[in-house]
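Colleague: Mapping of the sequence shown onto full-length UniProt numbering: residues 1 to 205, in sequence order.
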Amino acid sequence: METGTTNQHNLEGRSSTPALHDEIVAETEWVVFRRSPIHGIGGFAKKDIPAGTRILEYVGEKITKEESARRCQANNVYIFCLNDRYDIDGNVPWNPARFLNHSCRPNCETELDEDEERIWILALRDIRAGEELTFNYGYDLSEYKDYPCNCGAPDCVGYIVAEEFFEHVRRQRELERIAAEGGSSTPAQPRGQNPPATSAAQSPR
Ligand SMILES: [Zn+2]
1 METGTTNQHN
11 LEGRSSTPAL
21 HDEIVAETEW
31 VVFRRSPIHG
41 IGGFAKKDIP
51 AGTRILEYVG
61 EKITKEESAR
71 RCQANNVYIF
81 CLNDRYDIDG
91 NVPWNPARFL
101 NHSCRPNCET
111 ELDEDEERIW
121 ILALRDIRAG
131 EELTFNYGYD
141 LSEYKDYPCN
151 CGAPDCVGYI
161 VAEEFFEHVR
171 RQRELERIAA
181 EGGSSTPAQP
191 RGQNPPATSA
201 AQSPR
């Protein structure tokens, strides 16, 4: 059962090899990584973490902007901007920070140290032992409906988007709710004539 000291094999394939309940797949000074109620594997505070702590580094492969564009096209969502010339692709087995989940009400944020060209996961507030560590992935609105959010925050927006888009998404959802109820604020539309974009929200998971 035990895989020994190297966790690298366990760290590969977030979805293809789901951890057993409570199985620890990686560990750092402040964080244990195990199954998360939000999604797949998540990071949890091993002990109380004071606000402002650099909890762990977001490491990865340093790549050119050109290579980065190629990988983004291929739906790599682990890429962070490092500077004008380089990005970091965190989708590597030695980067447990890639397991951290998104939340609409995160307790961490990413911090770019431009001088040292390093990216840190920073505690936004005091975090208690056992809490799941989250940050906002900062996604834009492109195809945001493909990225539903399950963060559990009372005011969860429902999709993984940057905070600047919360208002927009909330308004859209309100409009959709009203439309679904056949509300009076929108002109009556015969069923089946909605634009194709809305079908995504109705498709089975
Ligand atoms: Zn959420």
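In this text, a Cβ means the ideal position worked out from N, Cα and C, and glycines have one as well. Remember, it's a predicted structure, so these values are computed and weren't measured experimentally.
1. Taking the beta carbon of Val31 as the centre, do at least 16 other beta carbons fall within 10 Å, making it buried, or is it exposed?
2. Quick check: the Cα distance between Ser36 and Glu174, rounded to an integer number of angstroms?
3. Does ligand 1 have even one heavy atom less than 7 Å from the beta-carbon of Val169?
4. Tell me which same chain residues have a C-beta within less than 6 Å of the C-beta of residue 248, skipping the five on either side of it?
5. Report the residue from Ala129, Asp146 and Tyr58 whose alpha carbon sits nearest the alpha carbon of Trp94.
6. Apply the 10 Å Cβ neighbour rule to Gln202 and answer buried if 16 or more other Cβ atoms are within range, or exposed otherwise.
7. Residues in its own chain within less than 7 Å of Ser15 by CB, not counting five upstream and five downstream?
8. Only counting the same chain, and skipping five residues up and downstream in sequence, which positions put a Cβ closer than 6 Å to that of Cys81?
9. Taking 7 Å as the line, does the beta carbon of Ala162 fall inside it for any heavy atom of ligand 1?
10. Answer yes if the region 112-129 comes into contact with the region 149-156, meaning at least three C-beta pairs across the two stretches below 8 Å, and no otherwise.
11. What I want to know is whether the C-beta of Cys108 ends up closer than 7 Å to one or more non-hydrogen atoms of ligand 1.
12. With a threshold of 16 other CB atoms inside 10 Å of the CB of Thr64, please say whether the residue is buried or exposed.
Modeller: Once the coordinates are examined:
1. What you label residue 31 is simply residue 31 of the sequence shown in a count that begins at 1. With 16 or more Cβ atoms within 10 Å of its Cβ, Val31 is classed as buried.
2. On the sequence shown, position 36 is the one that residue 36 refers to. On the sequence shown, position 174 is the one that residue 174 refers to. Roughly 29 Å between the two C-alpha positions.
3. Here residue 169 refers to the residue found at position 169 of the sequence shown. Because no heavy atom of ligand 1 lies under 7 Å away, the Cβ of Val169 does not count as near it: no.
4. Nothing about residue 248 can be read from this structure; the chain reaches only from 1 to 205.
5. As a working note, residue 94 is residue 94 in the sequence shown. It is Tyr58.
6. Working through the sequence shown from its first residue, we reach residue 202 at position 202. Any reading at Gln202 must be qualified, since the residue scores a pLDDT of 43, below 50, and its modelled position is unreliable; no value is offered.
7. Here residue 15 refers to the residue found at position 15 when the sequence shown is read from its first residue. Note that Ser15 scores 44 on pLDDT, short of 50, meaning its location in the model is unreliable; the coordinates nonetheless yield the value given after this. Within the same chain, Ser15 has close Cβ partners Gly40.
8. Within the sequence shown, numbered from 1, the residue matching residue 81 stands at position 81. Here the set comprises Asp87.
9. As a first step, residue 162 must be located in the sequence shown, where it is residue number 162. Distances between the C-beta of Ala162 and the heavy atoms of ligand 1 are all 7 Å or more.
10. no
11. Your numbering for residue 108 matches position 108 in the sequence shown. For ligand 1, not one heavy atom lies less than 7 Å from the Cβ of Cys108.
12. Residue numbering aside, residue 64 sits at position 64 when the sequence shown is read from its first letter. The residue in question, Thr64, is exposed, as its Cβ has fewer than 16 Cβ neighbours within 10 Å.
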